[in-house]
Amino acid sequence: MKTYMNNISEWISQISLQKKLVFLYVLIILAPVLIFTWNISKNQFEASINDTIRESEYMINLERVNIEKNMESIRRTAQIVVANQEFTEFMSNSEGHEVEELIDFKMNTLSDLLQLKYNNPMIENIHFYAANSHVSEMWPVVYDEKRIVDTVWYEEILELNGKEMWRVQQPGQASEKEDAGQVGPKKISLYREIEYPKDEHLGVIEINMLLKNFFPKIFSGVENSEAQMLVLDKRNTLHYDSSKRLLQGLELTAQDIKDAFLQKNSGDQERVMQFQNQAVPFLIVSSYVEEIGIHVLNVVSLEEIYAERDRLRILIFLGAFSLIVILSFITYFIVRLILKKLHLLIESMKRVEKGDFTVDVDIQGNDEIGRLSNHYRNMLSKINSLIAESVNKEAATKEAELNALKTQIDSHFLYNTLENIKMMAEIDGKYDISDALTSLGEMMRYNLKWKKDFVSLQEEVNHIRNYIDIMNIRLDHRLELNVDVPSHLESQEVLKMSLQPLVENAVKHGLQHILHEKKGMISIEASSYNHDTILSVTDNGVGMNDETLQELRTSLVEGSYMTDTSNRMKNGTGIGLYNVHERIQLYYGQDYGLSIDSKHGEYTRVTIIIPRLLLEGGGELPA
């Protein structure tokens, strides 16, 4: 691979600049054209898909309106039958019926029920399967319940305890156990167990309607070669108008649609999915009708949409290619004229290469070559001064190194001196002084040993503990520090001296005025949230009023100090906060920094948000 890349690099280096510029120009033009073409075709394609989805959803919603209307019609018919007192009493009479009663029932009550069907021609049949053996069958309404006791759905009806059951089936003998294989128009039926009196089984009522009437749009017969609506019932049987062209004109079967839908269906009420069949893309938009347990599907062929997208891409590509060819020839001749000046500049550079820094490049103009020549002349005039500056910088670097060495020597001297004084205090039994010197020495070592800008959270907290120990000597141990840092955050990377100024600020401006009344409490807490670490410093001091708090927050947001009218600013409050906030944003970005919360007379809390990073390597801390 490396050899191959070297060969390409060598081949490119041997091509003339003129050809490189032409090639680069073509590449610069071609890349946006390709992106533009892709985006245009992609947006047009997505818009077409979305339009198709919206149209399908609109058609399905219209069909759902028809379904709900027909369901209500069937329910209303069933309720009218059940509410007929004469009908239910006749069906519940276990003593038999006289001829006059039979004639009266048939001429009046039964005629009223048949009139329901005639008044609503969408209703195909009204059947009642009577459990009473004393009731004779009266076609086409009353049947013996024995006709349906052997069906697969009879027990299911009884288990529903009077609730309705919907079933899509073929018409035929009620005693047949399955509807599959029967011939004739399909129907959808509502079944419901009737109890009269209460808790006494009277029979089963059935109201059915032809599918072509129940689903008028699915079975409308309107030709559409690109789309077709179907119904998938809870037995995973598809029902559709087989005369539609979608299933006739394409190599697509109802089984293909069912397999694709069942494979990708997740049980959602509304679902949009795509699939391919024999390299032809299709879209399925579905809606679930929970009361019946059916999915209304609209299957749309996307073949034309995909073809239109490809045609658009080819058209744009051809136009762009033709334009690029024309512009390439024009660019070639323009570059050829420009490079004449460039050859003169090259000759001048050869003289400079030999050490002649007094050469004058006699090329004028405001084009790129002219400006390049002008800058080249300026460069030559500054070479000597740059060399001098380089020498001066080297001298300054040496001086800085000497100063650093001196500082290092001085710091070691101070450490050793403090250590000697500490030992003297311990020998004399003055352990308070010894502990104070230990804390002071560690603070000096932490401050003076600044080899890097980052330390661990544990190191910064230890430095704060030393600071509190020193302050407690002056404040008669009136300060108390509480630290709550989980062990997995002890190695969190923090900016050195980012927490100590906050603690110092809390002591000077929050706690110093209350220590004569109560102990000063400072709490340092650390927690993690997503990929960030949240640090907070809280004191129980005097707090801030709303005006001062808002002014301090504004100074952090706007990147400026608080106004001079603020007493807290005059005393130094805000400068340390601003410096810490500015350093955090400088190193980690604008998404990180400080936030301040306070309540006058109660507390002040400063919160730091930084990314969760290990001190070494910059990796994320474990969750």
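To convert, note that position 113 of the sequence shown is 113 in our numbering; the numbers rise steadily by one, no gaps.
All C-beta atoms, glycine included, are put in the ideal place defined by N, C-alpha and C.
Assignment of beta-bridge partners to V142 by DSSP yields F128 and M138. Under the 10 Å beta carbon count, E517 is surrounded by fewer than 16 other beta carbons and is classified as exposed.
For R147, no alpha helix (DSSP H) encloses it, and the DSSP letter there is neither H nor E. Shown here, V483 sits in a strand according to DSSP, grouped into three states. About 4 Å separates the CB atoms of S439 and D469; that is less than 8 Å, so the two are in contact. Look at the region 586-615 and you find these whole runs of beta strand (DSSP E), each 3 residues long or longer: 593-599 and 603-611. In summary, N378 is exposed, with fewer than 16 beta-carbon neighbours lying within 10 Å of its beta-carbon over all protein chains present.
Short of 7 Å from the beta carbon of I80, and not among the five residues preceding or following it, lie these beta carbons of its own chain, in chain order: L116. For the pair L210 and P121, the Cα-to-Cα distance works out to about 11 Å. Less than 9 Å separates the beta-carbon of I316 from that of S41.
A distance of 9 Å or more separates the beta carbons of G520 and L549. Per the DSSP secondary-structure output, L190 pairs in a beta bridge with W166 and I207.
Taken in chain order, the complete beta strand (DSSP E) segments of 3 or more residues contained in the region 282-343 are 294-301. Between the alpha carbons of G293 and M165 lies a distance of about 10 Å. The criterion of a C-beta distance shorter than 9 Å is satisfied by S286 and I60. If you draw a 10 Å sphere on the C-beta of D241, you find 16 or more other C-beta atoms in it, and that means buried.
Under the 10 Å beta carbon count, Q85 is surrounded by fewer than 16 other beta carbons and is classified as exposed.
S536 and T604 do not touch by the CB rule: their CB atoms are close to 11 Å apart, not below 8 Å. Straight-line spacing of the CA atoms in K341 and V22 works out to 18 Å. Straight-line spacing of the CA atoms in S133 and L114 works out to 23 Å. Counting C-beta atoms within 10 angstroms of its own C-beta, V142 has 16 or more neighbours from the protein chains shown and is therefore classed as buried. Residue range V99 to D104 is occupied by the alpha helix (DSSP H) that includes D104, with no beta strand (DSSP E) assigned at that position. One Cα belongs to N530, the other to D367, and the distance between them is close to 53 Å.
With 16 or more neighbouring CB atoms inside 10 Å of its own CB, K187 falls in the buried class. As for any beta strand (DSSP E) of minimum length 3 sitting wholly inside the region 445-505, the runs are 454-456, 479-484 and 493-495, ordered along the chain. Beta-bridge partners of A227 (DSSP): V300.
Looking at the backbone, the Cα of E63 and that of D233 are separated by about 15 Å. In the three-state reduction of the DSSP assignment, M379 falls in the helix class. Per the DSSP secondary-structure output, R271 pairs in a beta bridge with S286.
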